[in-house]
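K.L.:
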Amino acid sequence: MGDDDLSGPYLAACARGELVVQRCAGCGRRVHPPEPECPWCGGGELPFAPVSGAGQVHTFTVVHRSFAPEFRGREPYVLAWIDLPEGVRAFGRVTGCPPERVRIGMPVRVTFEDDLPDLPQWRPL
Amino acid sequence: MGLRGKAAVAGIGMTALSRRSGRGELALAVEAARAALDDAGMAPGELDAVLSYHMNDSAPAIRVARALRMETIGWHNDISGGGTQAASILGDAAMLVACGVARAVLVYRALNGRSGVRMNTASTGPQERFTRPYGMAGPIPMFAMAATRYLAESGLGEEHLHAVVAQSRDNAAANPRALRRDPLPLAGYLAAPYVCTPLRTVDCCQETDGACALIVTTPARAPSAPRLHAVVRGGGPGCSAMDRAPDVTAIFSSYVAPALWAAAGMAPGDVDVPLLYDAYSWLVPRQLTDFGLVHPADLPGHLLARAHARVNPHGGLLSEGYVHGLNNTAQAVRELRTGHAEVALVTGFGGSYGSAALLVRP
Ligand SMILES: [Zn+2]
Chain A
1 MGDDDLSGPY
11 LAACARGELV
21 VQRCAGCGRR
31 VHPPEPECPW
41 CGGGELPFAP
51 VSGAGQVHTF
61 TVVHRSFAPE
71 FRGREPYVLA
81 WIDLPEGVRA
91 FGRVTGCPPE
101 RVRIGMPVRV
111 TFEDDLPDLP
121 QWRPL
Chain B
1 MGLRGKAAVA
11 GIGMTALSRR
21 SGRGELALAV
31 EAARAALDDA
41 GMAPGELDAV
51 LSYHMNDSAP
61 AIRVARALRM
71 ETIGWHNDIS
81 GGGTQAASIL
91 GDAAMLVACG
101 VARAVLVYRA
111 LNGRSGVRMN
121 TASTGPQERF
131 TRPYGMAGPI
141 PMFAMAATRY
151 LAESGLGEEH
161 LHAVVAQSRD
171 NAAANPRALR
181 RDPLPLAGYL
191 AAPYVCTPLR
201 TVDCCQETDG
211 ACALIVTTPA
221 RAPSAPRLHA
231 VVRGGGPGCS
241 AMDRAPDVTA
251 IFSSYVAPAL
261 WAAAGMAPGD
271 VDVPLLYDAY
281 SWLVPRQLTD
291 FGLVHPADLP
301 GHLLARAHAR
311 VNPHGGLLSE
321 GYVHGLNNTA
331 QAVRELRTGH
341 AEVALVTGFG
351 GSYGSAALLV
361 RP
C-alpha cells in the first residue's frame, strides 16, 4: 500500500459504493492494492478503473479472538483474500453467511452494505 | 554461506522462562549472558563483540556490554527483526569470527514477551494500512490465513495439527525449562478455543518473558564445541504479503532450503535433529517437506505415526517457550553435546523470510 494520496481515489470510490482497481497504462495489467509504480513493468501511470465486483475466496480465517481492540466483542468475523477475475487479489470480510460456511473457492460479490460501510466487503452469491 | 566449521558455539545460557519475569530486559539479558559465559568457561573481558535482535522491546548491546563490565567493545549491533534472525544471527557472529574482526561474540535475545511488549499486536508490515480497518491485527490472523490454504492444499487437518502439538508437549515433558509439559490428548486439543481458524490457542506458542544467549568464537578457542557448518538467510513472495504472492502458503523454508543444502554440501538425510521454528503448529509440517526431511505424500501418515518425534526434542517454541526462536538455537547446541547427534538443523521464521543453519559436532 502506498501513500494516502495514492489510495485517495480508491477510498473515494468506496465511499460512493464502487470498487476500483488500478490499471497500468503501460502493460494493461491490474494492480491492487494501489502502488505508485506498476510491479510488473515499472510504469508510473496507473489510473483507477472499475472492476466487475465478482470474486472467489482465495483463503480466509474466522477470527474468534481479535487483537484489534475496537473489534473485541464483534467476533467471530471472517477475514479473506479474494481473487478477482481481473487478475488481482482484494482483501475484506466475508459477510452475509455464517462464518462456518466460508470455503476456499467460494464465489462472492462485493458489497458496501455492512457495518463497515465505506470499505468493500464480500458476500456469497 | 558455507562456513565449514570456521566458528564454534562455545557457550549457551538462558534465564528461567515465565509469563511475568518481574525484571527488566537488561537484567534478563545479563543473566543469560553470564550463564553463557560460565558455560563457555570464559570471562566477560574475553568478549569483544555483541549482537542482538529486537523489536523495540529489548536491552541495547552497549548497555548489556557495560553491565557485564566489558571495558571496551568492538563490533556490536542491535539488529531490528524477529524470528527471521534466530538462525542467521549465528551467521553474523560467525562472519565476525571467521574474518578476524572478533575473537568472541555474545549473541542474545531478551524480552518480556508476555508481561511487557507483546507480540500479538506487532505490526506485520505496511499492508496493515489496508487490512487493519477490517479488524486484522498482529501476526496470528495473517499466519492463520496462510494455514487455512496450506491445510487445504496439503491434505492435513486438525488431527495432524494435534499430532504436532501433542508431540511437542510429550517432548517437553522431561524439560524443566518448559512452560507447557502436560500431555494433550486429541479431545483436549479439539476443546481448546480457536484464536483464528484453523489455529487454536494450543497451535500458537506462548508469549514468554526470558532471555537466551550464545557465545560464538573461533574453533581454536573452543575445540570441542559444536561448529557452524552453513547458514543461509533469505525469502520471497509468500505469506508475508498475500496481495500478489502466487503461493500464499509459502514460508521462508521454500526459499532457504535449497540454498542451505547447496552451501552445506549436505543432504536432508544428514540431519539428525531438526530444531524447527514452531511458533505455530503448521510451520512444522511445512518445514519438514520444504527442507526435504519428509516427502509430501508421506506427510499425513508421518505426523499421525509421530515419526516427527525427533523434531524439537525440548518441546520447541510451542511448549518450552518463546525467546523469539533463540531457545531452539541453544537446543541445537545441547543436542550436539550429547554425542547422539552429529548434525543439527535450526531455523528462523518470519513469514516468507527467514534463515536456517546447520551445526555439526567437531
Ligand atoms: Zn505495467
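As they're listed, the protein sequences go chains A and B.
Residues 1 to 125 (full-length UniProt numbering) make up the first sequence, in order.
Residues 1 to 362 (full-length UniProt numbering) make up the second sequence, in order.
C-beta: ideal position from N, C-alpha, C; glycine also.
Predicted model, so just to flag it, every value in this text is computed and none were measured.
#1: So which residues of chain B does A:Ile82 contact, with C-beta pairs closer than 7 Å?
#2: Using only the alpha-carbon positions, how far apart do A:Thr59 and B:Gly238 sit?
#3: Show which residues of chain B have a CB atom less than 7 Å away from the CB atom of A:Pro39.
#4: Where do the N-terminal and C-terminal ends of the alpha helix (DSSP H) with B:His160 fall, by residue?
#5: Return the first residue and the last residue of the alpha helix (DSSP H) that B:Phe252 is part of.
#6: Can you pull out the residues from the region 150–172 of chain B whose beta carbon lies closer than 7 Å to at least one beta carbon of chain A?
#7: On the DSSP bridge assignment, give the partners of B:Asp78 in chain order.
#8: Tell me the residue span of the alpha helix (DSSP H) that contains A:Asp83.
#9: Expressed to the nearest angstrom, what Euclidean distance is found between the alpha-carbon atoms of B:Val107 and B:Pro226?
#10: Please list the terminal residues of the continuous alpha helix (DSSP H) segment that includes B:Val333.
#11: Against chain B, with Cβ distances strictly below 8 Å, would A:Arg65 count as a contact?
#12: What are the residues of the region 170–197 of chain B that lie near chain A, defined by any Cβ-Cβ distance shorter than 9 Å?
#13: Would the C-beta of A:Gly26 count as close to ligand 1, meaning under 7 Å from any of its heavy atoms?
#14: For B:Gln167 and B:Gly316, I'd like the C-alpha separation in whole angstroms.
#15: In terms of residue numbering, what span does the beta strand (DSSP E) encompassing A:Pro107 cover?
#16: On the DSSP letters alone, give me the boundaries of the beta strand (DSSP E) that B:Tyr353 sits inside.
#17: Which same chain residues end up closer than 6 Å to B:Lys6 when comparing Cβ atoms and leaving out the 5 residues on each side of it in sequence?
#18: Can you tell me the Cβ-Cβ gap for B:Leu228 and B:Leu47, rounded? I've got them flagged as a contact below 8 Å.
#19: Any heavy atom of ligand 1 closer than 7 Å to the CB of A:Gly44?
#20: List the endpoints of the continuous alpha helix (DSSP H) containing B:Pro285.
#21: Say whether chain B places a C-beta atom closer than 8 Å to the C-beta of A:Pro33.
#22: With C-beta atoms as the reference, is B:Pro268 less than 8 Å away from B:Gly292?
#23: Can you pull the chain A residues whose beta carbon is under 8 Å from the beta carbon of B:Arg132, in chain order?
#24: Report all residues from its chain with a CB closer than 7 Å to the CB of A:Tyr10; omit the five preceding and five following residues, and keep chain order.
#25: For B:Gly235, which beta-bridge partners are listed by DSSP?
#26: Measuring straight from C-alpha to C-alpha, what distance separates B:Met1 and B:Asn77?
#27: Once you ignore the five residues that flank B:Gly125 on each side, which residues in its own chain have a CB closer than 8 Å to its CB?
#28: When you compare only the Cα positions, how much space is there between B:Thr347 and B:Ala36?
#29: Can you pull the chain B neighbours of A:Arg89, defined as C-beta to C-beta under 8 Å?
#30: Kindly indicate which residue of B:Phe143, B:Phe252, B:His160, B:Pro198 has the alpha-carbon position closest to the one of B:Pro185.
#31: Tell me the rounded alpha-carbon separation between B:Ala43 and B:Ser115.
#32: Using a Cβ-Cβ cut-off of 8 Å, state whether B:Ala279 counts as contacting chain A.
#33: Does chain A have any CB closer than 8 Å to the CB of B:Pro141?
#34: Could you give the DSSP three-state label for B:Cys196: helix, strand or coil?
#35: Go ahead and label A:Arg23 buried or exposed: buried means 16 or more other beta carbons lie within 10 angstroms of its beta carbon, across all protein chains shown.
#36: Which residues does DSSP pair with B:Ile62 in a beta bridge?
P.N.:
Result, derived from the coordinates:
#1: Chain order gives no chain B residues near A:Ile82, where near means a beta carbon separation below 7 Å; the closest approach is about 11 Å.
#2: Distance between the alpha carbons of A:Thr59 and B:Gly238 is about 13 Å.
#3: Arg244
#4: 158–172
#5: Premise fails: B:Phe252 is in no alpha helix (DSSP H) and is neither H nor E.
#6: Ala152
#7: BP columns for B:Asp78 point to B:Ser52.
#8: Counting along the chain, A:Asp83 falls outside any alpha helix (DSSP H), though it belongs to the beta strand (DSSP E) covering 77–83.
#9: 15 Å
#10: Its alpha helix (DSSP H) spans residues 326–337.
#11: Against chain B, the CB of A:Arg65 has a partner CB under 8 Å away; the residue lies at that interface.
#12: Pro193, Tyr194, Val195, Cys196, Thr197
#13: Checking the Cβ of A:Gly26 against ligand 1 gives yes.
#14: 10 Å
#15: 107–111 is the extent of the beta strand (DSSP E) around A:Pro107.
#16: 353–360
#17: Ala98
#18: Actually they do not touch by this definition, with Cβ atoms about 18 Å apart.
#19: no
#20: Residues 283–290.
#21: yes
#22: yes
#23: Ala68
#24: Val20, Pro34, Phe48
#25: B:Tyr353
#26: 20 Å
#27: Ser240, Ala241
#28: Their Cα atoms are separated by approximately 21 Å.
#29: Met242, Asp243, Arg244
#30: B:His160
#31: 31 Å
#32: With 8 Å as the cut-off, B:Ala279 does not count as an interface residue toward chain A.
#33: yes
#34: Assigned with DSSP and collapsed to three states, B:Cys196 falls in strand.
#35: buried
#36: Answer is none; B:Ile62 lacks a bridge partner.
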